[in-house]
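Numbering (the numbering used here), first residue to last: -1 to 271. One structure below.
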């Protein structure tokens, strides 16, 4: 949203609370409320303000008035038989006024409460529906990103197999941590490319909390070249980060997203150029 402040001051949220919007406009408000905490907070403040207004405008008789009202009910015959007709008429009119005012205030408060509860329930239902839609959209977006990644790997593989002689192949062999582990790394200094052959990958599948991380050893120091996952169906050439003057490559198992420095006791494979 370009101008959230203008949107909040436009009055559309008040119209939503009072039910004055079309279905399309209501859906837009609910979508904005789900995306922007400021909009959701403003809606809640409007609802609270409406409830406060209902309460503040309800006539709340004082204890003295309530007592007089109840006493008047028990003594209404005495009031009607008072020697002063004018005084009796005034007392009766006051009694009727308090009676209807008290009932009206309770009715207003009750109806306002029902209205706000219904509005809040509808708003919560809309939040749930929009959350489901956003979840579906996110799943679709993740699938698209996954397919795009597969296409990139295939493109990298074609590039490698079209000119394999241009790449120096480095075979990483398992460490004492994983004696059977292995991985083939393709290195091209002229094209500034480092790729790993996922088809050659021989390492246990990593879980959701961990990823494998490729390191380049440059002047005796490890340099991060990116992370990757080991799956049973891993294929293609995956392009990693590039750095010059590499002396060796190594793979460690790290927390998902990678680490700043390699975890040496989780060294999986290593190979010198």
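Ideal Cβ positions, reconstructed from N, Cα and C, are used throughout, including at glycine.
CA-to-CA, the gap between residue 213 and residue 179 works out to about 16 Å. Listed as beta-bridge partners of residue 222 by DSSP are 213.
Residue 262 and residue 232 have their C-alpha atoms spaced approximately 25 Å apart.
Note: residue 268 is bridge-paired with 171, 248 in the DSSP secondary-structure output. Relative to residue 197, the option among 28, 223, 183 whose CA is nearest is 183.
Following the DSSP letters along the chain, one finds residue 31 in no beta strand (DSSP E) but inside the alpha helix (DSSP H) bounded by residues 21 to 33.
Spatial neighbours of residue 36 in its own chain (CB-CB distance under 7 Å, excluding positions within 5 residues in sequence) are listed in chain order as 2, 6. The beta-carbon separation of residue 211 and residue 244, rounded to 15 Å, does not stay under the 8 Å limit for a contact.
For residue 197, the uninterrupted beta strand (DSSP E) segment begins and ends at 191 to 200.
For residue 226, the closest alpha carbon among the candidates 205, 31, 215, 24 is that of 205. Residue 238 places its beta carbon less than 8 Å from that of residue 194. Sixteen is the threshold: when 16 or more other Cβ atoms of the shown chains lie within 10 Å of the Cβ of residue 234, as they do, the residue is buried. Per the coordinates, the alpha-carbon of residue 251 lies some 47 Å from the alpha-carbon of residue 42. Inclusion of residue 222 and residue 256 in the CB contact set at 8 Å is warranted, their separation being smaller than that value.
Under the three-state reduction of DSSP, residue 164 is assigned to helix. Taking the CA atoms as reference points, residue 188 sits about 57 Å from residue 22.
The C-alpha of residue 236 lies about 43 Å from the C-alpha of residue 27. In this structure, residue 128 sits near residue 29, with a CB-CB distance shorter than 8 Å.
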